[in-house]
Structures are given as structure tokens and as C-alpha cells.
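Student:
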């Protein structure tokens with residue numbers, strides 16, 4: 001490696017990139033494991049995509065109202081949280097088909113984002129390019145983004161730690177959770193809020209569209225090799241750190257788009273894991289016959 | 001002390017004129033019956049006859065349209081601490097990353113509440129419940145590494161770990177081989193010495209050898225005046241076809257026969 005490449009690591013934005021990748025890996029490993037075992041990948045995808053509308057709205061309000069303090073990530077958080085609440089509302093849960101509702105919110109969020117961004121005169125307000133919002137640019141993370149991400153990751157860690165016992169029961173057997181005295185509708189809402197927080201943490205790293213990759217791939221790989229939810233989470237965090245760091249380095253070195261490079265590294269590892277799993281299971285003797 | 005007096009007077013489960021349905025469908029209609037403490041109560045009936053629905057209503061998982069359900073004098077929601085529930089095992093996701101030990105510990109949630117960790121007492125109770133079902137050696141196994149019968153015993157252990165007064169079982173021996181069926185029913189019979197057991201099944205043959213009281217459910221409840229009896233009329237009413245077609249040679253007093261060791265159990269089995 002050349003000196004000029006190594007000197008990159010002294011730059012603040014490169015350091016922030018690694019901090020962001022680390023924070024993203026923690027949240028996606030923990031919440032991604034819940035998403036995978038509870039099979040709410042599509043729902044999480046919906047929450048992730050509606051954030052595009054929130055980011056658009058934040059820029060639009062910065063432009064029209066002069067609210068420069070309104071960070072796009074806060075707009076994303078607003079939309080993600082609102083989606084979690086809408087999906088948990090009794091009216092929506094009991095009367096509508098869940099996947100249709102997700103689809104509707106998904107596209108409305110995206111369409112709103114396009115409209116809002118269109119409404120910003122970019123000769124007046126410099127905004128992030130829509131492509132990098134959708135597909136991520138980890139190099140564009142500023143200090144305020146990092147603070148928001150840290151706050152969300154801390155919230156995720158505390159809530160998961162305190163409620164792990166109940167979240168495990170809820171994801172394994174919702175009926176039994178209900179009988180055990182768990183407030184199932186509240187806890188399901190909280191689960192979606194955790195997904196919403198995670199989505200916002202991931203947006204800057206891989207972008208709105210690729211959030212679902214970080215949320216599912218590390219946990220899916222980890223799930224192939226472990227039989228305990230806790231172990232699955234820890235391994236998923238490690239896989240997240242490994243793949244996002246490797247992906248970031250590749251993208252820096254070869255000058256590739258970061259978000260998609262990280263996702264591709266994850267994808268390659270996923271395929272490799274599936275192919276190598278029978279061998280590893282045989283070595284450990286005690287295989288889980290089901291993927 | 002007042003608890004003891006209450007226990008003597010009140011039936012374990014008291015169901016009066018209960019109707020339950022989903023949307024436009026009525027699944028069970030105007031059902032009235034009592035289960036006393038210490039009973040081994042069997043509810044039989046065809047698939048779709050409302051057996052699982054009745055159990056879920058007793059657990060307060062689905063609301064009743066009319067009528068009342070009392071468990072030791074309390075409403076189903078208040079009585080959840082008294083009840084252990086073993087659902088149909090087919091409903092579980094076998095890929096879920098969880099060990100036998102963690103499944104059984106789950107049963108302590110109703111005792112432990114929101115506190116984030118299980119206590120030493122919880123762990124002791126879990127160990128005891130696993131020992132009771134003879135599965136302690138399997139505690140580190142993943143749930144997918146068990147046979148159907150072993151998994152069923154784990155879910156029984158999960159239900160027992162909170163020390164309930166009533167155990168509800170939904171088709172406990174579905175997808176379990178004949179030998180394991182006998183093991184499970186023998187275990188339940190032993191358990192019945194200290195706990196009220198209610199089970200629903202469509203398998204008359206197995207049921208009749210173990211339970212002490214029985215009724216038939218197919219939207220309406222059919223009982224004999226002497227409810228330790230499965231009568232031909234009851235079965236015909238519940239299954240809505242001549243009994244000979246569904247249960248060749250069911251003796252009139254099936255339940256009395258189980259005391260005789262020579263009784264051929266297969267005689268009463270429902271053949272479809």
C-alpha cells in the first residue's frame with residue numbers, strides 16, 4: 001500500500017467513516033437478528049424506504065423555512081417512527097393486509113421524497129445528491145450525523161438489553177407471550193421502533209435502498225452457524241464490522257461507491273457461507289438440518 | 001386460608017352459555033360445562049369443530065361473544081397465572097435459534113414479569129420441569145434436534161415451569177408415534193395426581209383410556225348425563241355421521257373399559 005493511501009486514515013472524514021460503519025454493524029447485528037427470525041424483512045424494507053420521504057422533507061424545510069438545523073437524518077427518523085406507528089395502529093393491523101399496507105407506505109415515502117427534493121432549488125441550497133441518499137455515501141458523514149447515530153445506537157442497546165427476555169419470547173411465540181402477561185401490541189410497536197432507529201443508523205452508511213442488505217445479510221449469515229439468539233446477534237455484529245470495514249477499504253482503495261461495495265462484500269460472504277456450511281456443520285457434529 | 005375454602009367450592013373451569021366466533025362465523029355456540037379440580041378432562045371432536053378455539057377462549061386469547069368463562073372464579077385474563085398451555089407443536093418455527101433450556105425458561109416469564117433476567121429460582125424450576133419430563137440431558141440442544149415427542153415434552157415442561165393449577169393441551173400427541181403417545185399419556189396421568197388436566201384431541205381411542213370425564217365438541221357441546229361416558233349418540237351428534245363409520249365398535253361405556261388391562265385400545269380409534 002502506498003503512503004498516500006495510508007495517509008487517508010488521518011483524515012477526519014475517513015475516521016468518521018469507520019466510526020459510522022462500526023455503529024451500523026452493532027445496530028444491524030442486534031436488530032437484524034430479530035428482523036430475520038421474526039420474518040419482518042419486508043416490513044423493515046418498508047420502514048427503510050419511507051425515510052426517503054423524510055430526508056426530502058428535511059431538505060425541503062431547510063430550503064423553504066430556513067430550518068438549517070433540521071438534519072436530514074432527523075427527517076428520516078420522523079418518517080421511520082411514523083411508519084412504525086402506522087403499521088402498529090389497530091385500524092391498520094386488524095382491517096388491512098399487512099404486506100399491501102407496507103407496499104403503499106413504501107412507495108408513498110419514496111414518491112414524497114422525489115417531490116420534496118424536486119422542490120429545492122439547488123443553486124440556493126446545496127443538498128446531498130439523491131443517488132447517494134438512495135445508495136449511500138459513507139464519506140459524506142458529518143460530525144452531527146455521528147452524534148445522532150451514537151444516540152440511536154445507545155437507545156437500541158439499552159432497550160434490547162432490558163427487554164431481551166420479552167423480545168425473545170415475542171419473536172419465538174407471540175401467543176405464549178400474550179399468555180405470559182407480555183403486552184404484545186406494545187412490544188410489537190417497540191420492535192418496529194427499534195427497526196426504525198436501526199434504519200436511520202444505516203442510511204448514511206449504505207443508503208435508503210441498501211439498508212435492507214445490512215439489516216438482513218449479517219444476521220442471515222450468522223443464523224447459519226449458531227443456535228442461540230444472543231450468539232446470533234454477537235456473530236452478526238462481528239460479521240457486520242468485518243464486511244463493512246472490508247467494503248469501505250475496497251471502496252477507498254479502488255475508488256468504488258461505498259454502500260454498494262459493502263453490500264457486495266456481504267453478498268459474497270453470504271454465498272460463501274451457504275456453500276461452506278455443510279462442511280462446518282459436519283465438523284461440529286450437531287447440525288441444524290434447516291437453514 | 002380463604003383460598004382453600006374457595007378451592008373447594010369453585011370449579012376449576014366454569015363455562016356458561018359461551019359463544020365464540022371470528023367475524024361472521026360462529027365457531028362455538030352456547031356452550032355450558034364445568035371442569036372440577038383434579039379432573040382429567042377430554043374434549044373430542046372433528047377438526048374444525050372449535051376445540052382449539054375453546055382453549056384459546058379459556059386462555060383469554062380470543063374474546064367471547066356472549067356467556068362467561070371463570071377459572072377458579074377469575075376471568076381468563078386474571079387467571080393466566082394458574083394455567084399452563086401446551087399448543088399444537090406444529091405451530092412452531094423449528095429454525096428459530098433457541099435451545100431447549102431457553103424455551104423452558106420462557107415459562108417463567110409470567111412469574112418473573114418485566115425484570116430483565118431470570119433468577120436462580122427460575123433456573124431451578126426449569127431444571128425441575130425438565131427432569132419431570134425426562135429431558136434434562138437435552139437442555140443444550142437446539143429445538144430442531146429433537147423428535148416430535150421430545151419437543152412435545154419440552155413444551156409440556158415450559159407449561160409446568162410456572163407451577164400452574166390447570167394444564168391445557170391442544171392435540172398433545174399429534175405427529176407423535178404410538179409408543180411416544182403412551183409415554184406422554186402415562187406422564188399426564190401421573191401429573192394429574194397434582195394438577196387438573198384438560199386436553200382436546202380428535203383421537204378418541206387414545207383419549208378414552210386416560211381421561212375421567214369427556215365431552216364432544218362440534219360447534220355445540222355434547223355431553224352424556226354421566227359425563228364419564230362417551231355415548232354413541234354424543235359421537236354421532238358431534239361428528240354428524242353414524243358412529244360405526246368413524247369409530248368401528250366404540251363400546252357404549254368406553255371409559256369404564258380402561259380399568260381392564262385386557263382392553264384393546266385400537267378398538268375405539270377413529271379411522272378416517
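Protein chains in written order, with my numbering: chain A, 1 to 291; chain B, 1 to 272.
The C-beta atom is built at its ideal place from N, Cα and C for all residues, glycine as well.
Beta-carbon within less than 8 Å of residue 71 of chain A's beta-carbon, same chain only, minus the 5 sequence neighbours each way: which residues are those?
Tutor: Counting from one through the first chain, the residue named residue 71 of chain A turns up at place 71. 58, 144, 145 and 148, listed in sequence order.
Student: Where do the ends of the beta strand (DSSP E) carrying residue 273 of chain B lie?
Tutor: Because residue 273 of chain B is not part of the residues shown, which for chain B are 1 to 272, the question remains open.
Student: For a contact meaning CB atoms closer than 8 Å, what does residue 80 of chain B contact in chain A?
Tutor: Residue 80 of chain B sits at position 80 when you count from the first residue of the second chain. Chain A residues near residue 80 of chain B: 179, 180 and 181.
Student: Starting from residue 217 of chain A and walking both ways along the alpha helix (DSSP H), at which residues does that stretch end?
Tutor: As a working mapping, residue 217 of chain A is identified with position 217 in the first chain. It spans 211 to 225 - the alpha helix (DSSP H) in which residue 217 of chain A sits, taken as one unbroken run.
Student: What residue from B:161, B:159, B:138 and B:196 has the CA that sits closest to residue 150 of chain B's CA?
Tutor: Residue 150 of chain B sits at position 150 when you count from the first residue of the second chain. Per the Cα distances, B:138.
Student: Identify, in the order they occur along the chain, each residue of the same chain with its Cβ nearer than 8 Å to the Cβ of residue 76 of chain B, setting aside the five sequence neighbours on each side.
Tutor: Position 76 of the second chain, counting from 1, holds the residue named residue 76 of chain B. For residue 76 of chain B, where only same-chain residues beyond five positions count, the Cβ hits under 8 Å are 57, 58, 59, 60 and 69.
Student: Are at least three pairs of beta-carbons, each pair with one atom in the stretch 200 to 209 of chain A and one in the stretch 24 to 32 of chain A, less than 8 Å apart?
Tutor: Yes: the two stretches touch, three or more of their Cβ pairs being nearer than 8 Å.
Student: Taking all protein chains shown into account, do 16 or more other C-beta atoms lie within 10 angstroms of the C-beta of residue 171 of chain B, making it buried, or fewer, making it exposed?
Tutor: Residue mapping note: residue 171 of chain B aligns to position 171 of the second chain, counting from 1. Classification for residue 171 of chain B: buried.
Student: In three-state terms, what does DSSP make of residue 152 of chain A?
Tutor: As a position in the first chain, residue 152 of chain A is number 152, starting the count at 1. Here residue 152 of chain A sits in helix by DSSP.
Student: On a CA-only basis, which of A:218, A:257, A:61 and A:112 is nearest residue 131 of chain A? Give me that one, please.
Tutor: Position 131 of the first chain, counting from 1, holds the residue named residue 131 of chain A. Of the listed residues, the one whose Cα sits closest to residue 131 of chain A is A:257.
Student: Note down the Cα distance separating residue 291 of chain A from residue 35 of chain A, rounded to an integer number of angstroms.
Tutor: Position 291 of the first chain, counted from the start, is the residue given in the question as residue 291 of chain A. Position 35 of the first chain, counted from the start, is the residue given in the question as residue 35 of chain A. Its pLDDT being 42, under 50, residue 291 of chain A is placed unreliably by the model, and nothing is read from it.
Student: Residues bridged to residue 216 of chain B by DSSP?
Tutor: Numbered from its first residue, the second chain carries residue 216 of chain B at position 216. DSSP lists B:44 and B:222 as partners of residue 216 of chain B.
Student: Along the beta strand (DSSP E) that carries residue 14 of chain B, what are the first and last residues, could you check?
Tutor: On the second chain, residue 14 of chain B is found 14 positions in, with the first residue counted as 1. Note, residue 14 of chain B: beta strand (DSSP E), 13 to 22.
Student: Which same chain residues end up closer than 7 Å to residue 213 of chain A when comparing Cβ atoms and leaving out the 5 residues on each side of it in sequence?
Tutor: Within the first chain, numbered from 1, the residue matching residue 213 of chain A stands at position 213. Answer for residue 213 of chain A: 206, 263 and 266, listed in chain order.
Student: In chain order, what residues of the stretch 215 to 248 of chain A put their CB closer than 8 Å to some CB of chain B?
Tutor: Taking 8 Å as the Cβ-Cβ cut-off against chain B, the residues of the stretch 215 to 248 of chain A that qualify are 223, 226, 227, 228, 229, 231 and 232.
Student: Measuring CB atoms only, is the stretch 35 to 52 of chain A touching the stretch 105 to 113 of chain A, in the sense that at least three cross pairs come out at less than 8 Å?
Tutor: Yes, since at least three Cβ pairs between the stretch 35 to 52 of chain A and the stretch 105 to 113 of chain A fall closer than 8 Å, the two stretches touch.
Student: In the DSSP output, which residue or residues are listed as bridge partners for residue 99 of chain B?
Tutor: Numbered from 1 along the second chain, position 99 holds the residue referred to as residue 99 of chain B. Beta-bridge pairing links residue 99 of chain B to B:142.
Student: Between the stretch 16 to 30 of chain B and chain A, which residues of the former have a C-beta closer than 8 Å to a C-beta of the latter?
Tutor: Answer in chain order: no residues at all.
Student: State the Cα-Cα distance for the pair residue 188 of chain B and residue 197 of chain B, rounded to the nearest angstrom.
Tutor: Indexing the second chain from 1 puts residue 188 of chain B at position 188. Indexing the second chain from 1 puts residue 197 of chain B at position 197. Residue 188 of chain B and residue 197 of chain B: Cα-Cα distance of roughly 8 Å.
Student: Against residue 94 of chain A, what residues of chain B qualify as contacts under a CB-to-CB distance less than 8 Å, listed in chain order?
Tutor: Taking the first chain and counting its residues from 1, one reaches residue 94 of chain A at position 94. Residues of chain B passing the Cβ test: none, with the nearest at roughly 11 Å.
Student: Using CA coordinates, which residue listed in B:13, B:134 and B:110 is at the minimum distance from residue 31 of chain B?
Tutor: Residue 31 of chain B sits at position 31 when you count from the first residue of the second chain. Measuring from the Cα of residue 31 of chain B, the nearest candidate turns out to be B:13.
Student: Just the Cα atoms here: how many angstroms apart are residue 6 of chain A and residue 17 of chain A?
Tutor: Stepping through the first chain from its first residue, residue 6 of chain A is reached at position 6. Stepping through the first chain from its first residue, residue 17 of chain A is reached at position 17. Answer to the nearest angstrom: the Cα atoms are 15 Å apart.
Student: If residue 33 of chain A and residue 177 of chain A are in contact, beta carbons under 8 Å, what's the gap, nearest whole angstrom?
Tutor: Stepping through the first chain from its first residue, residue 33 of chain A is reached at position 33. Stepping through the first chain from its first residue, residue 177 of chain A is reached at position 177. Incorrect: roughly 17 Å between the Cβ atoms, too far for contact.
Student: Pull out every residue of the stretch 151 to 178 of chain A whose Cβ sits closer than 9 Å to any Cβ of chain B, in chain order.
Tutor: So the close ones are 161, 162, 163, 164, 165, 166, 168, 169, 171, 172, 173, 175, 176, 177 and 178.
Student: Have a look at the DSSP bridge pairing and note the partners of residue 276 of chain B.
Tutor: This structure gives no information on residue 276 of chain B, because the portion of chain B shown stretches from 1 to 272.
Student: Locate the alpha helix (DSSP H) running through residue 122 of chain B, then write down its first and last residues.
Tutor: Locating residue 122 of chain B in the second chain gives position 122, counting from the first residue. Per DSSP, residue 122 of chain B belongs to the alpha helix (DSSP H) from 120 to 132.
Student: Report yes if the CB atom of residue 157 of chain B is closer than 9 Å to the CB atom of residue 180 of chain B, and no otherwise.
Tutor: Walking along the second chain from the start, residue 157 of chain B turns up at place 157. Walking along the second chain from the start, residue 180 of chain B turns up at place 180. Taking 9 Å as the Cβ cut-off, residue 157 of chain B and residue 180 of chain B do not qualify as a contacting pair.
Student: Taking 9 Å as the CB-CB limit, is residue 37 of chain A close to chain B?
Tutor: Here residue 37 of chain A is taken as the residue at index 37 of the first chain, counted from 1. Yes, contact with chain B.
Student: Could you tell me which chain A residues have their CB closer than 7 Å to the CB of residue 165 of chain B, listed as they occur along the chain?
Tutor: The sequence position of residue 165 of chain B within the second chain is 165, counting from 1. Going along chain A, no residue has its Cβ under 7 Å from residue 165 of chain B, so there is no contact; the nearest lies around 15 Å.
Student: With DSSP as the reference, label residue 74 of chain B as helix, strand or coil.
Tutor: Taking the second chain and counting its residues from 1, the one referred to as residue 74 of chain B is at position 74. Reduced to three states, the DSSP call for residue 74 of chain B is strand.
Student: In three-state terms, what does DSSP make of residue 14 of chain A?
Tutor: Residue mapping note: residue 14 of chain A aligns to position 14 of the first chain, counting from 1. Helix, per DSSP.
Student: Could you tell me whether the Cβ atoms of residue 88 of chain A and residue 215 of chain A are closer together than 9 Å?
Tutor: The residue labelled residue 88 of chain A in the question sits at position 88 within the first chain. The residue labelled residue 215 of chain A in the question sits at position 215 within the first chain. Against a cut-off of 9 Å, the Cβ pair of residue 215 of chain A and residue 88 of chain A comes out as no contact.
Student: With DSSP as the reference, label residue 167 of chain B as helix, strand or coil.
Tutor: Counting from 1 along the second chain, the entry for residue 167 of chain B is found at position 167. Correct three-state label for residue 167 of chain B: strand.
Student: Looking at the strands, I want to know which residues DSSP matches up with residue 199 of chain B.
Tutor: By one-based count along the second chain, residue 199 of chain B stands at place 199. Bridge partners of residue 199 of chain B: B:42 and B:169.
Student: Measuring from the CB of residue 47 of chain B, is there a heavy atom of the ligand GTP at a distance below 8 Å?
Tutor: As far as ligands go, the structure on display features none, and thus does not contain the ligand GTP.
Student: Pick helix, strand or coil for residue 234 of chain A, following the three-state DSSP scheme.
Tutor: If you number the first chain from 1, residue 234 of chain A lands on position 234. The answer is helix: DSSP assigns residue 234 of chain A an H, G or I state.
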